[in-house]
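Take this note's numbering: the last position of the sequence shown gets the number 366, and nothing is skipped along the way. Notes to accompany the following structure.
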Amino acid sequence: MKLELVATATFGLEAVVKREIQTLGYKILRSEDAKITYLGDERAIVRSNLWLRSADRVLLKMGEFKALEFEELFQQTKAIAWEELIPPDGKFTVIGTSVKSKLHSVPACQSIVKKAIVERLREYYCMDHFEETGASYTVKVTILKDNVTVTVDTSGAGLHKRGYRVCDVAAPIKETLAAAMVQLSFWKEGRLLMDPCCGSGTIPIEAAMIGRNLAPGLNRSFASEDWELIPAEIWKEERKKAFEAVNYDADLSIFAFDVDPKAIEAAEENAIEAGVDDCIVFKRMNMSKIQAKEPGGIIITNPPYGERIGEKQQIENIYLKYREFFAENPTWSLFMVTTDKTVEDKIMGRPADRRRKLYNGRLEVCYYQFHGKKA
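The following block contains the structure:
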């Protein structure tokens, strides 16, 4: 069955997600702010959820139309073949957003869409009452400038929830952003990678998973696993293929440091849970002690942003050490995400080779990319 799928993404990561979808072999229909629309089938839902590293969710697009009145919203929603997705015992909820539209009351829109789906299923199944004891379906109605898009969430919990974060520290970076940072750098298997402010270990763990070709969704479940639309055999087959694709012989040199012993302890626990503890060296270390073990390495990091009282001096010390480190090691590259707009002058004394505006949660950050000289 041909399906139209939508991978949602944090603003600024659309190009990364688009490449990931293309690598899976699916045709891109549109690339817009915060979402990539592409063609697939039932198996594509499974593979997308298992393998997309930087997407937030995978949605199944059910319909798109214009609606200026509630009656139009009701009739157009009812015209969708909901019975092809939702069985008689299906449990479904409706969420929504409305921006610059005549139908601006989100609760009213949600209620009308729910009513339309129930009416369609009631007529098709010849039932007056639905127990809603089966699989879950989260329907989302998005209205933008009177254009309505109706989707169903196939992922459940956001794709950043890999399942390995058993221990946490303050202000952790999202797994999807960390994976994108690694993919936007020039790091690859065989090249040394260091994170001197690793926190709970998200960046080195995501790098290790990429280097080992470990599917990010391998150790978690998804909402669509219980759907009748997707045979259980497909999930079993794709998980088996993902397990077989893991490269346990990958040549990985990943070092993760932090001055906080609790952070290192948390990072080690998370790495064990992710199955990559054997290819990351964790160590409690002050920034002043970091050294380059070889030329041409990469630092990918998410340092403290200095927004808490007492952190500003700590940040200045980190910047000073970075400046000294890169002066001594010009072949090394730095990839840093931060809210600080002064890092170019304070660290490198030059403009970044590339900048990219991103979001870490709701916080606007900039991803600075400084390329080292060829070794």
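Virtual Cβ for every residue (Gly too), placed ideally from N, Cα, C. This structure is a prediction, so every number in the text was calculated from the model and none was measured.
Where phenylalanine 246 sits in the DSSP three-state scheme: strand
First through last residue of the beta strand (DSSP E) which encompasses alanine 292: Reading off the sequence shown, one finds threonine at residue 292, where the question assumed alanine. In this chain, the beta strand (DSSP E) harbouring threonine 292 covers 289 to 292.
For glycine 87, the nearest candidate out of Cys100, Ser212, Phe246 and Pro79 (CA to CA): Cys100
Range covered by the beta strand (DSSP E) that runs through cysteine 100: Unbroken run through cysteine 100 is the alpha helix (DSSP H), 97 to 116; no beta strand (DSSP E).
Three-state secondary structure assigned by DSSP to isoleucine 134: strand
Environment of tyrosine 239 [buried if 16+ CB atoms lie within 10 Å]: exposed
Three-way DSSP call (helix, strand, coil) for glutamate 315 in this model: helix
Proximity winner among Ile225, Gly190, Val8 and Ala72, relative to asparagine 261 (alpha-carbon distances): Gly190
Touching by the beta-carbon criterion (3+ pairs, under 8 Å), the region 331 to 340 and the region 309 to 318: yes
Host beta strand (DSSP E) of glutamine 282 (start-end): Where glutamine 282 is concerned, there is no enclosing beta strand (DSSP E), given that its DSSP letter is neither H nor E.
Whole-number beta carbon distance between phenylalanine 248 and isoleucine 289, since they are thought to touch under 8 Å: 14 Å between Cβ atoms; not a contact.
Whether asparagine 351 touches lysine 106 by CB criterion (8 Å): no
Inside the region 40 to 96 only - beta strand (DSSP E) runs reaching at least 3 residues: Runs found: 46 to 57 and 82 to 90.
Cβ contact check for the region 19 to 28 and the region 216 to 228: 3 or more pairs under 8 Å: no
The region 164 to 178 touching the region 200 to 214, judged by at least three CB pairs closer than 8 Å: yes
Which of helix, strand or coil DSSP assigns to arginine 367: Because the chain in this structure spans residues -8 to 366, residue 367 falls outside the shown range and cannot be described.
Cut-off 6 Å between Cβ atoms - residues of its own chain near valine 104, not counting five sequence neighbours on either side: When the five nearest sequence neighbours on each side are left out, the beta carbons in the same chain lying within less than 6 Å of the beta carbon of valine 104 are those of Thr68, Val85 and Val132, in order along the chain.
Status (buried if at least 16 other CB within 10 Å, exposed otherwise) for aspartate 47: buried
Among Gly287, Ala0 and Arg38, nearest to lysine 365 - alpha-carbon criterion: Gly287
Histidine 120 classed as buried or exposed, judged by whether at least 16 other C-beta atoms fall within 10 angstroms: Residue environment for histidine 120: exposed (fewer than 16 other C-beta atoms within 10 angstroms of its C-beta).
Nearest-angstrom Cα separation, counted from alanine 58 out to asparagine 138: 6 Å
Where the beta strand (DSSP E) through isoleucine 19 begins and ends: It spans 19 to 23 - the beta strand (DSSP E) in which isoleucine 19 sits, taken as one unbroken run.
Nearest residue (CA-CA) to glycine 208, options Ser92, Ser146 and Leu354: Ser146
Exposure of glutamate 355, with buried meaning 16 or more beta-carbon neighbours within 10 Å: Classification of glutamate 355: exposed, given that the 10 Å Cβ count is below 16.
Contact belief for leucine 51 with threonine 142 at Cβ below 8 Å, rounded distance in angstroms: 6 Å
Residue from Asn308, Tyr359 and Glu256 with nearest C-alpha to lysine 332: Nearest Cα to lysine 332 within the set Asn308, Tyr359 and Glu256: Tyr359.
Nearest to serine 92 (by Cα), restricted to the options Tyr116, Val328, Glu60 and Glu123: Glu60
8 Å Cβ cutoff met for histidine 95 and serine 102: no
Per-residue burial, proline 391 [other beta carbons within 10 Å of its own, 16 or more giving buried]: The chain is shown from -8 up to 366; residue 391 falls before or after that span and cannot be answered.
Glutamine 174 classed as buried or exposed, judged by whether at least 16 other C-beta atoms fall within 10 angstroms: buried
Closest residue to leucine 150 among Arg211, Ile263, Thr124 and Ala241 (Cα-Cα distance): Arg211
Where isoleucine 300 falls, given that 16 or more other Cβ within 10 Å makes a residue buried: Unreliable placement is indicated for isoleucine 300, whose pLDDT of 43 sits below 50; the coordinate value is still reported in the next sentence. With fewer than 16 Cβ atoms within 10 Å of its Cβ, isoleucine 300 is classed as exposed.
Cβ-based neighbour list, glutamate 229, same chain, cut-off 8 Å, excluding 5 preceding and 5 following: Arg34, Val37, Arg38 and Leu41
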